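Numbering (my numbering), first residue to last: 16 to 186. C-beta atoms are modelled at their ideal positions from N, C-alpha and C, and glycine is treated no differently. The structure presented is a predicted model; accordingly, all values stated were derived computationally and were not measured. Have a look at the structure below, then the notes.
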């Protein structure tokens with residue numbers, strides 16, 4: 016995926032993640048998980064956050080963040096191409112105070128715009144079954160929940176739904 020970065024109207028510039036952002040991204044994810052009963056953040060389950068820019072570069076992943084207050088990451092989003100002409104959307108988190116502002120839609124638009132520009136057939140994601148608000152957002156923005164589900168066998172005993180957005184149908 017390209018290294019396209021964007022300014023989002025009404026928000027500071029989105030930038031590529033840096034290795035030094037790992038702890039701030041971990042705090043964002045932990046805070047989001049903490050909103051759901053039984054959804055625990057275990058730092059050991061996220062080794063990529065030790066050096067997220069290095070991790071992303073090694074996988075062909077694009078990871079963008081939005082800075083909040085100094086030392087705070089207010090949002091993050093990742094896109095990783097797969098071997099079948101699709102892109103996996105993951106690590107998509109927005110701090111509670113910025114939800115409902117249009118930021119998530121704009122971040123998603125960044126990924127979908129890059130996918131479209133690069134001729135990617137589809138964008139897909141896995142979402143914890145407990146993240147009901149996220150599911151409503153995905154469905155509102157054109158993602159369709161598929162029949163596949165998976166268990167992660169992690170500390171939270173996470174079960175996930177599979178969502179897919181066909182970029183060619185959306186054109």
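Original post:
So does the stretch 76-84 actually touch the stretch 27-34, counting three or more Cβ pairs closer than 8 Å?
Top reply: Three or more pairs of CB atoms, one per stretch, sit closer than 8 Å, so the stretch 76-84 contacts the stretch 27-34.
**OP:** Would you mind reading off the limits of the beta strand (DSSP E) that contains residue 81?
**Re:** 77-82
Original post:
So what does DSSP say about residue 29, is it helix, strand or coil?
Top reply: In the three-state DSSP reduction, residue 29 falls in the strand class (E or B).
Subject >> Three-state secondary structure (DSSP) of residue 135 >> reply: coil
Original post:
Of all the alpha helix (DSSP H) runs that stay within the bounds of the stretch 110-182, which reach a length of 4 or more residues?
Top reply: 118-132, 147-155
Original post:
Between 174, 40, 97, 75, which lies nearest to residue 64 when the distance is taken from Cα to Cα?
Top reply: 40
Original post:
Can you name, in chain order, every residue of its own chain whose Cβ lies under 7 Å from the Cβ of residue 159, other than the five neighbours on each side?
Top reply: 178, 179.
**OP:** For residue 162, count neighbouring C-beta atoms within 10 Å of its own C-beta (all shown protein chains included) and say buried if the count is 16 or more, exposed if not.
**Re:** exposed
Original post:
Relative to the alpha-carbon of residue 55, which residue among 143, 107, 164 has its alpha-carbon at the smallest distance?
Top reply: 143
Original post:
Going by alpha carbons, who is nearest to residue 102 out of 92, 61, 53, 109?
Top reply: 92
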